[in-house]
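Under this note's numbering, the residues of the sequence shown are numbered 83 to 553, in order. Glycine included, each C-beta is placed from N, C-alpha and C at the ideal position. Source: prediction; values computed, not measured. Below: the structure, in structure tokens.
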Amino acid sequence: MHAIVVGAGVGGLGTALALGRAGHRVTVLERDGFAPLADVEAAFAADRRGAPQVHQTHGFLARLQLLLRERFPDVFERLLAAGCTTMATTSALGEPRPGDEDLRVLIVRRTTLDWVLRSAALEQPGVELRTGVGVAGVVASPPTTPGDPPMVTGVRLDDGTTLEADLVVSAGGRRAPVPEWLAAVGVDVPETIRESGLMYLSRWYRYPGGPQLLDDPKLGGDLGFVKFLGVPGDGDTLSVTLAIRPDDAELRAALSDDDRFDLACRLLPGPSRFFEGAPPEPIGGVRPMGGLLNRLRRFVDDDGHPSVLGFHAVGDAHTTTNPLYGRGCSLAFVQALHLADALADHPDDPVARAAAYEAAAERDIEPWYDNAVEMDRAGADPTGLGADGQPTGAAKTFGTLLVAAQTDPVLGRAMVRFWNLLGTPLEIMGDPDVMAAAAAVLAEPEKYPIPPREGPTRDELLAALEAAVHA
């Protein structure tokens, strides 16, 4: 088959790699125009106007590491050769256990991951990348039987020309105008959207000796008015992200300044550790990103019948989760492989293929959308405090389990699996060993006190940042 993949991010490149290795011809269309990049540093320096998120903090979870090892071991080795490392998540949970090797996260910049995936995909016979090419919409043939879904047969480019294909895959990220494209050919794509109530401010640094040398190199927290996260990358790099409410104009203005952003990092517990002693060297200025949301799109009706054939969406073009939880790239890669598997199982039946792919998304992707919405509803902080400053209700229960999970080998590994997309909440709660460990903890919750939030108040932080301006 000839597949057109719109978008050269993780989802698009993962799709191209999987389909190319299955023997299909793949044309990847990328709106951004960029020349071939020589190495990972050139990839990091390249301007991606259509994908500003590549320079934000990213989490590359154990689910992605495991899929690469199992399905594309050569690509995994190339990542390691490019400077990527893996980090254990169970070192504080006692003696190693079978399966711990699967619970390792990837330490790599998003731009490095893209560069390695792009190189591997383009080495596949029949895979072509065309950059500087925008897609204006899809073209489709009408159904032969009234009531049947239309068949997408290609795309219409910005210059008015059309490119035909047996399969079109939208992997253009959360801004991909999928509903508009399909509405033009008579297909309704229902959407459910839940705003996250957050925006990001991020900055990259080079850290002397590499931040991965710290015993706790992923440092984050939540003070209510600001959430913060420091994550190491390849090449002795480090990114720090501060997440605030988009309507907090005063705090946004203060943190958008490079010097005051650095000062805030010194004042916030967690990021402050990276700024002790010799400060890290900044790589560029503060980078904002807004419009963070959770969104679910449906491409089947209530009975599971496809609403469109010959067209599939992957990654954020299909289902978007709040990037605070670091799930986007891993879920996009999961969907790329689900699509390749559906095509292998149903090469000559587009109806069965679409139904199988959407069933896999409902089973393997949608639970993480639901969970992200629930976590956002709790303030994106499972140990959030009530009005009296104390945890309440489900937040208190989950917070107690989180404290216990820091050292309990059963609960700890269950939490690691949950955070790394290796087990949904329902799957984890179905494990009798996990439930027994949780019951023991909740029977004596006083043994696992939830630590109080530590750090400046919003007024204290703003006062310190303002004082720095006039110093």
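I need the DSSP call for residue i, collapsed to helix, strand or coil.
i: Ser-173; result: coil
i: Tyr-451; result: helix
i: Glu-542; result: helix
i: Phe-307; result: coil
i: Leu-95; result: helix
i: Glu-526; result: coil
i: Asp-470; result: Summary for Asp-470: the model assigns pLDDT 48, below 50, so the residue's position carries little reliability; its value from the coordinates is reported in the next sentence. In the structure shown, Asp-470 sits in coil (DSSP, three-state: anything other than H, G, I, E or B).
i: Leu-504; result: coil
i: Asp-458; result: helix
i: Asp-463; result: Reliability fails at Asp-463, whose pLDDT of 45 lies under 50, so the model's placement of it is uncertain and no value is given.
Identify, in the order they occur along the chain, each residue of the same chain with its Cβ nearer than 7 Å to the Cβ of residue i, setting aside the five sequence neighbours on each side.
i: Val-492; result: Asp-515, Val-516, Ala-519
i: Val-390; result: Pro-231, Pro-232, Val-234, Leu-264, Val-269, Phe-381
i: Glu-358; result: none
i: Pro-464; result: Reliability of the predicted coordinates at Pro-464 is poor, the pLDDT of 43 falling under 50, and no value is obtained from them.
i: Thr-139; result: Ser-284, Leu-311, Val-313, Ser-321, Thr-323
i: Leu-148; result: Asp-184
i: Gly-315; result: Ile-189, Val-190, Arg-191, Ser-321
i: Pro-527; result: Thr-482
i: Leu-204; result: Leu-211
i: Asp-427; result: Ala-438
Under DSSP, the beta strand (DSSP E) around residue i begins and ends at which residues?
i: Arg-535; result: That residue, Arg-535, is in no beta strand (DSSP E); it is neither H nor E in DSSP.
i: Arg-238; result: 233-239
i: Arg-288; result: 281-288
i: His-84; result: 84-88
Give me whichever residues DSSP pairs with residue i in a beta bridge.
i: Ile-275; result: Arg-377
i: Val-313; result: Ser-321
i: Gly-512; result: According to DSSP, Gly-512 bridges with nothing at all.
i: Gly-302; result: Leu-311
i: Thr-402; result: Arg-377
i: Thr-227; result: Answer by DSSP bridge pairing: none, since Thr-227 is not bridged.
i: Thr-244; result: Arg-238
Beta-carbon within less than 6 Å of residue i's beta-carbon, same chain only, minus the 5 sequence neighbours each way: which residues are those?
i: Gly-216; result: Arg-113, Asp-240
i: Asp-182; result: Thr-172
i: Gly-254; result: Val-88, Gly-89, Ala-399
i: Cys-564; result: No statement about residue 564 is possible, as the shown extent of the chain runs from 83 to 553 and does not include it.
i: Val-136; result: Arg-130, Arg-192, Thr-193
i: Pro-272; result: Arg-380
i: Pro-534; result: none
i: Phe-307; result: Arg-540
i: Leu-350; result: Phe-310, Gly-537
i: Arg-238; result: Ala-218, Gly-219, Val-221, Thr-244
i: Ala-424; result: Arg-435, Ala-438, Tyr-439
Starting from residue i, follow the alpha helix (DSSP H) in both directions and report where the run begins and ends.
i: Glu-440; result: 432-446
i: Thr-479; result: 475-487
i: Asp-423; result: 410-427
Leaving aside the five residues before and after residue i along the sequence, list all residues of the same chain whose C-beta is less than 8 Å from its C-beta, in chain order.
i: Asp-470; result: With a pLDDT of 48 at Asp-470, under the threshold of 50, the predicted position of this residue should be treated as unreliable, though the coordinate-derived value follows. Excluding residues within five positions, none has a Cβ falling inside 8 Å.
i: Asn-404; result: Ser-278, Leu-280, Leu-374, Leu-375, Asn-376, Ala-454, Met-457, Asp-458, Ala-462
i: Leu-419; result: Gly-96, Ala-100, Leu-149, Arg-153
i: Asp-196; result: Ala-90, Gly-91, Val-92, Leu-95, Ala-125, Val-136
i: Glu-448; result: Leu-378, Thr-401
Exercise. In the stretch 130-190, which residue ranges form an unbroken beta strand (DSSP E) of at least 3 residues, counting only runs that do not cross its ends?
Worked result: Look at the stretch 130-190 and you find these whole runs of beta strand (DSSP E), each 3 residues long or longer: 167-170, 186-189.
For this session: Ignoring anything shorter than 4 residues or poking outside the stretch 97-135, list the alpha helix (DSSP H) runs there in chain order.
Result: Listed in chain order, they are 122-127.
Exercise. Fully enclosed by the stretch 317-396, which beta strand (DSSP E) runs are 3 residues long or longer?
Worked result: Listed in chain order, the complete beta strand (DSSP E) runs (minimum 3 residues) inside the stretch 317-396 are 319-326, 363-371, 375-379, 393-395.
Exercise. Which ranges would you report for the beta strand (DSSP E) in the stretch 190-222 if only whole runs of at least 3 residues count?
Worked result: Listed in chain order, they are 209-213.
For this session: Please list the segments of the alpha helix (DSSP H) lying wholly inside the stretch 246-270, counting only runs of 4 or more residues, in order along the chain.
Result: Qualifying alpha helix (DSSP H) stretches, in chain order: 260-265.
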